[in-house]
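Visitor:
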Amino acid sequence: MLKGPFIHLLSFFFLLCLAAFPLVLSSAEDGSILFNFLGMFAIIKTFIIGLFTGDAFYFIQGDRTVLIFSVIGASFASSFYYLIMAGVVVLSLTFLFGIWFWKLNERFFGKIISLLGILPDFILILLLQLLVTVVYKSSGIKLAKVASFNSDNMAVLLPVITLIIIPLLYAVKALNEKTKDVLTQDYILTAIAKGIKKKDIYLYHVTTNVTPYLKADMHKVLAIMISNLFIVEYLFNLNGITALFFQTQAYFGYQYNLVIFCLVALFLLYGAVFFLLYMLIILIERILKYD
């Protein structure tokens, strides 16, 4: 019973130590790396005391002191909005091309997705932005916003497309293999022999036996999306958690307490998006099983 809470406490302590590394690592005159072990615990102690005094809840932004909760909520909501939107699209397309139209995917769509998956994230983003710019200059048609300039004028389409491609490539490939395996099982061959329609076989037999594999892979799919989020929020100028995490440090210096809160927010973001997408898969399973 104590194993779970102990692991969570240990993980949080590791997080506190990891965030302190930039402050306790330094280089000596001979080029060697120095590690201030006692300094790390002093930083952690100051942070924990600050949680009780209230000092840990504020960070420096230029010449003013800002309450972390006054900005981190909006950043969390922005990142959540893009991740959940991309996640729902990834799940939908995975069902389509990974299960129901897996043959069509192998012949045509899979090659396109694989080609796009080869490109690094930042190259893909630049190509998408360039495409939108070229189309706009040549025809006057604005396909999408190439970046966000303020909270009322946010880029949506291109960031979501960028977040979708690599997770979709991974999920579709994984489910293609599982779909092939399921289609060779005796109960599927029996259903075909009984004359059950192909649509019903895929919908009620194949899908329900493949979705457990998709649930098992959701951790990997979401981890890919989170890693892409860092680049997407930076290049599209989105006001998300990772932007708050990196850009504030770049402009106003490394602030330990802000880093901790941003990392905790990233874990909560991962958990919230994972839970909702996982529940969506379960809902689809229930609908198909009891339809």
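Be aware that the sequence shown starts at 42, since it is given in our numbering, and climbs by one per residue.
Don't be surprised by glycine CBs; every beta carbon is placed ideally from N, CA and C.
All figures in this text were calculated on a predicted structure; none of them were measured in a lab.
(1) For P208 versus M266, is the C-beta distance shorter than 7 Å?
(2) Using DSSP with H/G/I as helix, E/B as strand and the rest coil, what is I74?
(3) Is the separation between the beta-carbon of N217 and that of S116 shorter than 7 Å?
(4) Return the chain-ordered list of same chain residues with a C-beta closer than 6 Å to the C-beta of V354, the five sequence neighbours on each side being excluded.
(5) Here's a check: name, in chain order, each residue in its chain whose Cβ is nearer than 8 Å to the Cβ of L285, leaving out the five neighbours to either side.
(6) Is it true that the region 64–79 meets the region 270–277, where meeting means three or more beta-carbon pairs spaced less than 8 Å apart?
(7) Please look up how many angstroms separate the CB atoms of L310 and L124, rounded, as I've assumed it's under 8 Å.
(8) Check for me: the beta strand (DSSP E) holding T106 runs from which residue to which?
(9) Provide the residue span of the beta strand (DSSP E) that contains Q102, from first to last.
(10) Is it right to say K221 is buried, meaning 16 or more other beta carbons lie within 10 angstroms of its own, or is it exposed?
(11) Where are the alpha helix (DSSP H) runs, 4 residues long or more, that stay fully inside the region 246–299, in chain order?
(12) Out of H246, V187, K214 and G312, state which residue places its alpha-carbon closest to the alpha-carbon of E326.
(13) May I ask which residues mark the beginning and end of the alpha helix (DSSP H) holding S179?
(14) Measure the beta-carbon distance from L230 to F315 and round it to whole angstroms, keeping in mind my assumption that it falls under 8 Å.
Guide: With the given structure in hand:
(1) Taking 7 Å as the Cβ cut-off, P208 and M266 qualify as a contacting pair.
(2) Secondary structure at I74: strand, using DSSP grouped into helix, strand and coil.
(3) Result no, Cβ atoms of N217 and S116 do not sit closer than 7 Å.
(4) In the structure displayed, the chain extends from 42 to 332; residue 354 sits before or after that span and is not available.
(5) V112, I113, S116, L299 and C303, listed in sequence order.
(6) Remark: fewer than three beta-carbon pairs, one from each stretch, lie closer than 8 Å, so the region 64–79 and the region 270–277 are not flagged as touching.
(7) Your pair L310 and L124 checks out as a contact, with CB atoms roughly 7 Å apart and the cut at 8 Å.
(8) T106: member of the beta strand (DSSP E) spanning R105 to L108, first to last residue.
(9) That run of the beta strand (DSSP E) goes Y99 to Q102.
(10) Exposed, by the Cβ-count rule.
(11) Taking only runs of at least 4 residues, the alpha helix (DSSP H) segments lying wholly in the region 246–299 are 248–276 and 282–293.
(12) Scanning H246, V187, K214 and G312 for the CA closest to the CA of E326 turns up H246.
(13) Counted as a single uninterrupted DSSP element, the alpha helix (DSSP H) harbouring S179 occupies residues D162 to S180.
(14) With a Cβ gap of about 35 Å, L230 and F315 do not count as contacting.
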